[in-house]
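Trainee: Quick one: the structure is below, and I'll ask about it shortly.
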Amino acid sequence: MQTLSPPPFRDGAAVIPLHSLQPTSCSTGNCSSGLALMPDDDAPCGGSMALMLTRRCNMQCGHCSVESGPHVKGEPTREELLQRIHDAAQNGIMGILVTGGEAMLRPALVLELLRECKKLGIPTAMTSNGSWGRDARKAERTLTELREAGLGSLTISFDRYHAEFQGPQAVENIARAAQKANFTMRVSVTREQDDEDMAALVAPFDAFPNVQLRFYDVQPVGRARKLEGTLRAETGGFCNACGTPAMTDDGRITACNGPAYFSPAYSPLVVGDTREESMQTLLARHNSDPILETIRTFGPEYLKRELQSLPGFEDFGRASYAGMCDLCLHVNSNEKAVEALHTHLSQPRLVALRMAAKRVIEGERCMTWNLDAVNGLAAYRVFLRAALDPVHTWENDAKAILGRADFDWHHQEMHLAQCGLAGPLQKAFSTVQMKRWAPAFFQTRLRDQARIDTLRSLVQREAMRRLSDVLGEVGGRGVLLKGSGMAAFEMETPPHQISRASCDVDIHIAPKYAAKVRARLLQLGWKSEVAEGAIEQNDGEHHHQLGGLRFEGVLVEIHQTLLPSYCGLPERDIIAKARPLQDPSMANLSILSPEGMLLHSVMHGTKHLFSHYLKTAWDMEWVARRFPDLDWDLLAKWANSSGMRRGFWVPITLLTQEFGLSIPAEFVKRALSDRHERRLEDFARKYLLRSTRFDFDNNPWIRRMVQLWFCDSMLHRARTLGGFLFGRSSREFRQRRGLEKSELRFLSPKKLRQIWASWRKLAQ
Ligand code: SF4
């Protein structure tokens, strides 16, 4: 597999490899820490500002960087805060982060300020401890009010310190309310060396795909100074937080939201006081100060190295630091060092270098460092490479992705497990880097999952043997599909390679034998997944045509077709090419030919609307590597004769490009290249990037509209639509998903309008 390393950026003499500019896992460790998290995280440096409504808080967390608590007296008035917002707007601020203390101790004021920002056209975000969510109804009502007032993004802090004051219920209530409103929110969790309790902290969010988790290192500032020695002490990378100036409760502007709060006035981290200088002057200083610029492009470590290169400062620094902010505050709390650095860093050569780095960072924020990309495609690339080639695991871009604080380890872990990659990744997880980057629960849960997968594969194997016996009894044959087929191939083909796990056993059995096989298995004690008499699970819309069976807890699905009829695969030809297994205990089983495996896997990925394309990418690479003699002409012929050929060519092109898979370029060139194809590719790319955060598979109507989009002709669309609307499977699908009754009245004008609006948003 080709290595994907980003190109260096060139600006005159400056050559800056991307991987030398590393985002950080820094955290200020209080719930108001801004960390450049403006409404969509891609705001350019200097474009946003944190606004501290109060330093009061109804909690008193042990890691709070601004030492908030109920004891704090004095806070800005309503008029002062409104004035600050107006000043910010006049000075080109493009986003306001409402913070505290706990801003929601002043709820009416929060709403008023949000409305004011809305009037001024400024997007808003808020961080909060979420105590307003303790009552579920109040959580829903408050979230609605906040959103109506204009709140664009919400981050709730929840970690071991907040848990001392309130359990997860309040945050869950808010998450549920957000889910109902189709609103993505963030939960900030702080990390220390010992993070064994984190598994329990994040577990409540398993059920919320709309919650994105971030894992920030606690920094030894404010009350967290007492925690030194327990912290992770990562000092590398550039500081994102330094890109968002903060307006403190007492009217100062600091370089970042939180850690700089107690810095001395001569420190560049305290930019100035609005009672003495205009906001315009202070924001301009924040933007151009050479020390701050260095912190947000190359980071505090680089700053210290530059200082040590100056006469008189060769020995500056301590042997170790308890985190990036510790290092940053140490350098910037030395008045002489600050003075020397200001002069040194103002040299044109260094100014140019920083400008170049800034451009790289801003460019990457729109591309590979975009939050969606980092938690989607970029992460999948890194993990797929690690799963396939554990030897060359964590190169270059891995650090920039997995070393980030806003990397959602929680949902990534769930996604990797669902894609069956827990086992293939184990070798790569034993590396030192991984131990540094990942919270303990990530590896523990995936290690447990790998064990479960191994045990399940043994049961699956036994289930296959018994299926083969029963097929022998009734005189039929079965073809193992997807992960089951790949695992069966690996079992009998040396050198055995680790294959991805499969949740169930999928088998295709010709209709004339399928019901007999199912009945016999029930006689043998296998358990039915569906009510007695309802063995026909669905019609042409769904391809699991007979109700599932359980053997020793493992799900077995008997398919009478490879895929739903609307996919229009040349199934007869594909089945005819299936290869019998050599193992005598599975004499009545076959696996698809490599061409059939690849076609089936890709079309199946499309059917599930990209949500498991990481699994599809693994399957594509596995087939390409395991079968170098694959007949690409035959595959192209089958794909082009299928009713939904775009459902094959779009992912083939996209995944080969994005993951650097070993699919021959000559084959990819055979893809369609018209406008329809390009729009579908854009759409797939967009949702491939977001699949861990946005489960649009949950809305069956949107899902079906996408499937219609893949159809080639009006006739094909009409036939497919008929199946969706009037097929029995439609009802059962909705019921299985537990959708509310109102969801079923999909033909009401209101529902149709909603679907149309969602669809336009998705397809734009
Ligand atoms: S103290 Fe320095 S490193 Fe820490 S958040 Fe502020 S600017 Fe960044």
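Note that the sequence shown ends on residue 849 in our numbering; no numbers are left out. Ideal Cβ placement from N, Cα and C applies to all residues, glycine included. Since we're looking at a predicted model, the values are computed, not measured.
Given 8 Å as the limit, is there contact between the region 422 to 436 and the region 363 to 372, that is, 3 or more CB pairs closer than that?
Mentor: Not touching, per the Cβ criterion.
Trainee: Ordered along the chain, which non-local residues of its own chain (more than five positions away) have a Cβ less than 7 Å from that of Ser678?
Mentor: Counting only Cβ-Cβ distances below 7 Å, and skipping sequence neighbours, we find Lys662, Ala663, Arg664.
Trainee: Any contact of the region 255 to 265 with the region 289 to 298, i.e. 3+ C-beta pairs under 8 Å?
Mentor: Touching, yes.
Trainee: Let me make sure I understand the geometry here. Which of Gly215, Trp611, Leu506 has the alpha-carbon closest to that of Gly884?
Mentor: Any property of residue 884 remains undetermined from this structure, which presents the chain solely from 86 to 849.
Trainee: Go through its chain and collect everything with a Cβ distance to Ala425's Cβ below 6 Å, but skip five positions before and after it.
Mentor: Answer for Ala425: Leu395, listed in chain order.
Trainee: Does the beta-carbon of Ser363 have 16 or more other beta-carbons within 10 angstroms, so that it is buried, or is it exposed?
Mentor: Looking at its Cβ environment, which holds fewer than 16 other Cβ atoms inside 10 Å, Ser363 is exposed.
Trainee: Determine the burial state of Gly653: buried for a count of at least 16 other Cβ atoms within 10 Å of its Cβ, exposed for fewer.
Mentor: Buried is the call here.
Trainee: Counting contacts by CB-CB distance shorter than 9 Å, is Gly461 in contact with chain D?
Mentor: Of the protein chains in the structure, only one exists, and it is not chain D.
Trainee: For the region 298 to 311 against the region 402 to 415, are there 3 or more C-beta pairs whose distance is under 8 Å?
Mentor: Yes, since at least three Cβ pairs between the region 298 to 311 and the region 402 to 415 fall closer than 8 Å, the two stretches touch.
Trainee: Might you give, ordered along the chain, the residues of its own chain that have their beta carbon closer than 7 Å to the beta carbon of Ser726, omitting 5 neighbours on each side?
Mentor: Cβ neighbours of Ser726 beyond the five flanking positions: Pro655.
Trainee: Report the rounded CA-to-CA distance for Leu312 versus Glu249, giving the unit in angstroms.
Mentor: Using only the alpha carbons, I get a separation of about 16 Å.
Trainee: If you draw a straight line from the alpha carbon of Arg219 to that of Asn258, how long is it in whole angstroms?
Mentor: So the two alpha carbons sit approximately 7 Å from each other.
Trainee: By DSSP, does Pro665 sit in helix, in strand, or in coil?
Mentor: Reduced to three states, the DSSP call for Pro665 is strand.
Trainee: Pull up the distance between the alpha-carbon of Pro596 and that of Arg551, whole angstroms please.
Mentor: So the two alpha carbons sit approximately 19 Å from each other.
Trainee: Which partner residues does Arg439 have in the DSSP bridge list?
Mentor: Its beta-bridge partners do not exist; DSSP assigns none.
Trainee: Compute the beta-carbon to beta-carbon distance between Glu498 and Phe527, rounded to the nearest angstrom, for a pair I have assumed lies under 8 Å.
Mentor: Sure, about 5 Å apart at Cβ, within 8 Å.
Trainee: Helix, strand or coil: how does DSSP classify Ile338 here?
Mentor: Of the three classes helix, strand and coil, the one that applies to Ile338 here is strand, per DSSP.
Trainee: Looking at C-alpha atoms only, which residue of Pro208, Glu197, Arg191, Gly154 is the closest neighbour of Ala135?
Mentor: Ranking the options by Cα distance to Ala135, first place goes to Pro208.
Trainee: Could you have a look at Tyr406 and say whether DSSP puts it in helix, strand or coil?
Mentor: Tyr406: coil per DSSP, three-state reduction.
Trainee: Going by beta carbon distance, what residues of the same chain come within less than 7 Å of Ile643, once the five residues before and after it are set aside?
Mentor: Cβ neighbours of Ile643 beyond the five flanking positions: Ile592, Ile594, Ala599, Val602, Arg603, Leu631.
Trainee: From the DSSP output, which residues share a beta bridge with Ser675?
Mentor: In DSSP, Ser675 forms a bridge with Val564, Pro665.
Trainee: State yes or no: is the C-beta of Pro305 nearer than 8 Å to some heavy atom of ligand 1?
Mentor: No, Cβ of Pro305 sits at least 8 Å from all heavy atoms of ligand 1.
Trainee: Could you spell out where the beta strand (DSSP E) holding Tyr301 opens and where it closes?
Mentor: Looking at the DSSP string, the run of the beta strand (DSSP E) that includes Tyr301 is 296 to 302.
Trainee: From the DSSP output, which residues share a beta bridge with Ser798?
Mentor: DSSP, once it has assigned bridges, lists no residue as partnering Ser798.
Trainee: Apply the 10 Å Cβ neighbour rule to Asp714 and answer buried if 16 or more other Cβ atoms are within range, or exposed otherwise.
Mentor: Asp714 comes out exposed.
Trainee: Please identify the residue among Lys204, Asp244, Phe795 whose C-alpha is closest to the C-alpha of Asp233.
Mentor: Just to set this straight, residue 233 is Glu in the shown sequence, not Asp. Looking at the Cα atoms, Lys204 is the closest of the given residues.
Trainee: Do three or more CB pairs link the region 149 to 158 to the region 167 to 179 at distances below 8 Å?
Mentor: Not touching, per the Cβ criterion.
Trainee: How about Leu694 and Arg731: are their beta carbons less than 9 Å apart?
Mentor: No, the pair does not count as a contact, with Cβ atoms beyond the cut-off.
Trainee: Determine which residues share a DSSP beta bridge with Arg635 and list them.
Mentor: In DSSP, Arg635 forms a bridge with Lys612, Leu640.
Trainee: Just to confirm, are Leu746 and Ala803 a CB contact at a threshold of 9 Å?
Mentor: No, these two residues do not count as a Cβ contact at 9 Å.
Trainee: Which one or two residues does DSSP pair with Asp358 in a beta bridge?
Mentor: For Asp358, which the question treats as bridged, DSSP gives the partners Arg337.
Trainee: Are Glu762 and Asp716 close, meaning C-beta to C-beta below 9 Å?
Mentor: Not closer than 9 Å, so no.
Trainee: Mind checking whether Asp302 and Arg276 have CB atoms under 9 Å apart?
Mentor: Result yes, Cβ atoms of Asp302 and Arg276 sit closer than 9 Å.
Trainee: Shorter than 8 Å, the distance from the beta carbon of Ile890 to the closest heavy atom of ligand 1, or not?
Mentor: Residue 890 is absent from the structure shown; the chain starts at 86 and stops at 849.
Trainee: Around the Cβ of Ser118, are there at least 16 other Cβ atoms within 10 angstroms (buried) or fewer (exposed)?
Mentor: Because Ser118 sits at a pLDDT of 35, beneath the cut-off of 50, its placement in the model cannot be relied upon, and the point is left open.
Trainee: Check whether the Cβ atoms of Glu187 and Thr139 lie closer than 9 Å to each other.
Mentor: Yes, the pair counts as a contact, with Cβ atoms nearer than the cut-off.
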